[in-house]
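Numbering (our numbering), first residue to last: 919 to 1194. All C-beta atoms, glycine included, are put in the ideal place defined by N, C-alpha and C. In what follows, a single structure is set out as structure tokens and then discussed.
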Ligand code: SAM
Ligand code: GLN
């Protein structure tokens, strides 16, 4: 039988030979998952021998990762804004860049009592905003299985969010202070060029933004205008080439338009205020 140390060595080597990025870290995450412990446990127990069932699980996880399955779908978890979210292949894995959407909403001036999140996926934005702002949050998605995951996350993290299954915000009535969204924005023609982890494993409905990747914003903006009070805000995540198209969609009836960049210097979040 193998020790923890030897299992990590062998696992990292396999992943490295298979061209998987961060092989050592990935091996640690997968072994910790097989042992149902966290990574720090591995450092203190390098000499411990793996039980057969642990070895079998670890082997399966390595195999899945080598075939391109993202680590987060294997461990079924991704941290977002410091909290663990359940993720399955029914939802997009929340990206660290999406935390810019949260920061932008938290930095807005004015009232933030009612928030709508359109296309909530795992619930990362909706749940985080509910907890961070104490606002009443409504969240939509077109995918019923994604909504099951989002509901689970809201319950597990103690966030009161109302979930609705519909196209964008078509079934939503009422008046909101903020409408947030990270819609699918990858131009259709670029999907084939994405990493296989994304292309083959993440839901296409979460990625495919149509021919230019900005089509969805031209549908989102009028729906947001209908649901926002005057002076209320939209905050959207955008693709690295979407700025122009999204600005165009916000041409009439919006003010204080501001684009924020991510750590890579790419445009990532846009906010605008419904003219009063
Ligand atoms: N908000 C999550 C996040 O930031 O991690 C998920 C974002 S993912 C890029 C886009 C989400 O929008 C997916 O969950 C997808 O199912 C949903 N979606 C796509 N088209 C939609 C539509 N027409 N109406 C509502 N939701 C839609
Ligand atoms: N940021 C995702 C990616 O890396 C795309 C998510 C989206 O379409 N909103 O591909």
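First through last residue of the beta strand (DSSP E) which encompasses residue i
i	result
residue 1152	1146-1155
residue 930	No beta strand (DSSP E) contains residue 930, which is instead part of the alpha helix (DSSP H) from 922-935.
residue 1116	It is not in any beta strand (DSSP E) - residue 1116 instead sits in the alpha helix (DSSP H) that spans 1114-1119.
residue 1105	Unbroken run through residue 1105: none, as it is neither H nor E.
residue 1082	1079-1083
residue 1187	1185-1192
residue 1168	It is not in any beta strand (DSSP E) - residue 1168 carries neither H nor E in the DSSP assignment.
Same chain, Cβ closer than 8 angstroms to residue i, neighbours up to 5 away in sequence not counted
i	result
residue 1126	1102, 1104, 1106, 1109
residue 892	Since the first residue shown for the chain is 919 and the last is 1194, residue 892 is missing from the structure and cannot be characterised.
residue 1072	1041, 1044, 1045, 1048, 1078, 1079, 1081
Sequence-distant residues of the same chain with beta carbon closer than 7 angstroms to residue i, five excluded per side
i	result
residue 1119	986, 987, 988, 991, 1007
residue 1018	1178, 1180, 1186, 1187
residue 1015	1180, 1186
residue 1011	988, 990, 996, 1005, 1120
residue 944	933, 938, 983, 989
residue 1143	1171, 1192
residue 1153	1019, 1022, 1023, 1096, 1098, 1187, 1189
Residue i beta carbon near the ligand SAM (any heavy atom closer than 6 angstroms)
i	result
residue 1061	yes
residue 1129	no
residue 1085	yes
residue 1064	yes
residue 1089	no
residue 1016	yes
Straight-line Cα distance separating residue j from residue i
i	j	result
residue 961	residue 924	12 angstroms
residue 1168	residue 1091	21 angstroms
residue 1128	residue 954	41 angstroms
residue 997	residue 1041	12 angstroms
residue 1159	residue 1089	30 angstroms
residue 1045	residue 1187	19 angstroms
residue 1060	residue 949	35 angstroms
residue 1264	residue 937	The requested residue 1264 does not occur in the structure, where the chain is confined to residues 919 to 1194.
residue 1132	residue 1113	21 angstroms
residue 952	residue 926	12 angstroms
residue 965	residue 1002	29 angstroms
residue 1111	residue 941	23 angstroms
residue 975	residue 1065	29 angstroms
residue 919	residue 973	9 angstroms
Contact test: residue i Cβ vs the ligand GLN heavy atom, cutoff 6 angstroms
i	result
residue 1071	no
residue 991	no
residue 1125	yes
residue 1135	no
residue 1104	yes
residue 1159	no
residue 1013	yes
Sequence-distant residues of the same chain with beta carbon closer than 6 angstroms to residue i, five excluded per side
i	result
residue 1077	1045, 1048, 1049
residue 956	950
residue 929	945, 980
residue 963	922
Element boundaries [alpha helix (DSSP H), containing residue i]
i	result
residue 1068	1062-1075
residue 1125	Where residue 1125 is concerned, there is no enclosing alpha helix (DSSP H), given that its DSSP letter is neither H nor E.
residue 1051	1042-1051
- Unbroken stretches of the alpha helix (DSSP H), 4 residues or longer, contained in the region 954-1015: 957-962, 970-984, 989-993
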